[in-house]
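Structure, as structure tokens:
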Amino acid sequence: MPCLSYILAALVETIIRLLFFFNYFVRMSTEMNNQSQISDTLDSVHYTDNRYKMMECIKDAGRPFYPHKFKISMSLPAYALKYGNVENGYIDKDTTLSLSGRVTSIRSSSSKLIFYDIFCEEQKVQIIANIMEHDISTGEFSVSHSEIRRGDVVGFTGFPGKSKRGELSLFSKSVVLLSPCYHMLPTAISGLKDQEVRYRQRYLDLMLNEESRKVFKLRSRAIKYIRNYFDRLGFLEVETPMLNMIYGGAAARPFITYHNELETQLYMRIAPELYLKQLIVGGLDKVYEIGKNFRNEGIDLTHNPEFTAMEFYMAYADYYDLMDLTEELISGLVLEIHGSLKIPYHPDGPEGKCIEIDFTTPWKRFSFVEEIESGLGEKLKRPLDSQENIDFMVEMCEKHEIELPHPRTAAKLLDKLAGHFVETKCTNPSFIIDHPQTMSPLAKWHREKPEMTERFELFVLGKELCNAYTELNEPLQQRKFFEQQADAKASGDVEACPIDETFCLALEHGLPPTGGWGLGIDRLIMFLADKNNIKEVILFPAMRNVKQNAQHSNQHSGN
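Just so you know, we're using our numbering here: the sequence shown kicks off at 426 and counts up by one.
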């Protein structure tokens, strides 16, 4: 009798298990049929709801749910390299491999034969799932594959080979869903074109758009080239603070934050210049830094409030040396990326006119003041920062319909005139040189031209890429210019910088003759990647929040 009771109990338990799995198969089959029939027509909300329900079924049934580990045998590119040249119809049943990737396509020949395309690291591999190769029942096969949707990250184990049609394939023996995609993805045909979505959900952009992946790989390659160039010249890469007690090194409005422990206001750095020059004083004769700068300014096609810049400082160099170095560095980089010094660029976007930019050296050099005077047909008044010249420049701006700056300082008016008469001449790479001292408070006076400095800016298609100069190393003169900046700030110039006593003290210890240089990495990548919007070359660009964006759109549409 005890034996009979044991047999009956075991039989009841088996029946319960069979009923459970039968119910599970029915639920999953129903789910599969429903989703197969309407997955292409469901709106995104219902699609997501259905996927969550499906995953609940998987979890309730005790099936693998977000596995912690799936050991791949090799990457998809390595798989393609190893098996890409085997003959059509080849299957190596003596070798079992595991591959993983994101499912980009699902094609069912029948309920017993399913084809997948998986993608990873720019490589596609076909998966052929045939029930004949699986050691499971038809029901289990159906359920396992009913769980998979386009966009899922899936692991497959099977035999390497090629289909009879010559497509690199893995002949699957088993499948495991590693991470489901709960959202309906755009199809390969429609793609992801919406800019707002592409910028806000960059992961989707990278997942679906090969062009975007190429841009950011190009960016990485370019930065690596720049870093290697300076390493070969014996420069030391350094890091300087991003939180500053005093901001400086550029004319810009800073972001402000607060340190609770120190009970003090801090500024996100607008440039690392003053720290880097202190390192030259300390005896590190060649230093560079690649990092983020932050400027609390507008957002447009060439400006992002958080941007990547590179600065270097080199003892015993002047701005002539830096112009030679700039030509060598950037022309070499263009040649490395494009294989030519002449590259196509679409300033108005891919549908607009294509312009050829020629990086062949030597590049043109335009004298800042001389070109302005040539454009005006009149001489500027001297001194350049006199009230007489300020009034004259205001008159000239009004005459030539140039927007007047605020406040109307000599430096800002000169900058406006240069933008109109000089920068527009710079289609191919060109140096604008010898800026007035009044707009260059950190640059050294020109050894031959009164009121001018040994400074240059590199422009391409009217856009600034580089700013560099022979560094001002005379402490009394530097303090005087800082004081002038402080006066301008008190008069309403929000971009003027305060006096940095720490830097002035460092100069009093002796800064050798030095050349300093800064490059906007993002803008450079725009030209290399043929993009006219800086958001295309920054992985996570600054965006308005959704509510602000709607208000902004309504204002501009007249609603």
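Just so you know, even glycine gets a beta-carbon here, dropped at the ideal spot from N, CA and C.
Residue burial annotation: Y541 is buried, with at least 16 other C-beta atoms found within 10 angstroms of its C-beta. Where N958 is concerned, there is no enclosing alpha helix (DSSP H), because DSSP gives it neither an H nor an E.
When secondary structure is reduced to three states using DSSP, I556 falls in the helix class.
Residue burial is scored here from C-beta neighbours: M968 has fewer than 16 other C-beta atoms within 10 angstroms and is therefore classed as exposed. Per DSSP, the continuous alpha helix (DSSP H) segment holding M821 begins and ends at 812-824.
Cβ neighbours of P923 within its own chain (closer than 7 Å, five residues either side excluded): I671, A911, K914. G777 and H771 have their C-alpha atoms some 6 Å from each other.
Minimum Cα-Cα distance from P585 among the listed residues T689, Y504, R625, L617 corresponds to Y504.
Considered as a whole, the region 838-871 harbours 855-858 as its complete beta strand (DSSP E) runs of no fewer than 3 residues, in chain order. Within the same chain, and ignoring the five residues on either side of M818 in sequence, the residues whose Cβ sits closer than 6 Å to its Cβ are L838. T733 sits away from L701, with the two beta carbons spaced by 8 Å or more.
Put simply, the backbone Cα of S637 is about 31 Å away from that of N475. A Cβ-Cβ contact shorter than 8 Å links K711 with M739. Remark: C-beta atoms of Y477 and Y607 approach each other more closely than 8 Å.
Taking C-beta separations shorter than 8 Å and ignoring five residues to either side along the sequence, the partners of D947 in its chain run N729, F732, T733, I959, V962, I963, following chain order. I705 and P937 have their C-alpha atoms some 8 Å from each other. Counting C-beta atoms within 10 angstroms of its own C-beta, D517 has fewer than 16 neighbours from the protein chains shown and is therefore classed as exposed.
Taking the C-beta atoms as reference points, R833 is found no nearer than 8 Å to H860. G943 sits close to E736, with the two beta carbons spaced by under 8 Å. Annotated as proximal: T863 and A836, with beta-carbon spacing under 8 Å. Beta-bridge analysis with DSSP links K767 to D783. Counting along the chain, R532 sits inside the beta strand (DSSP E) bounded by residues 522-535.
When rounded, the separation of the alpha-carbon atoms in G764 and D810 is 46 Å. Non-local beta-carbon contacts of H845 in its own chain, meaning distances under 6 Å to residues more than five positions away in sequence, involve I827 in chain order.
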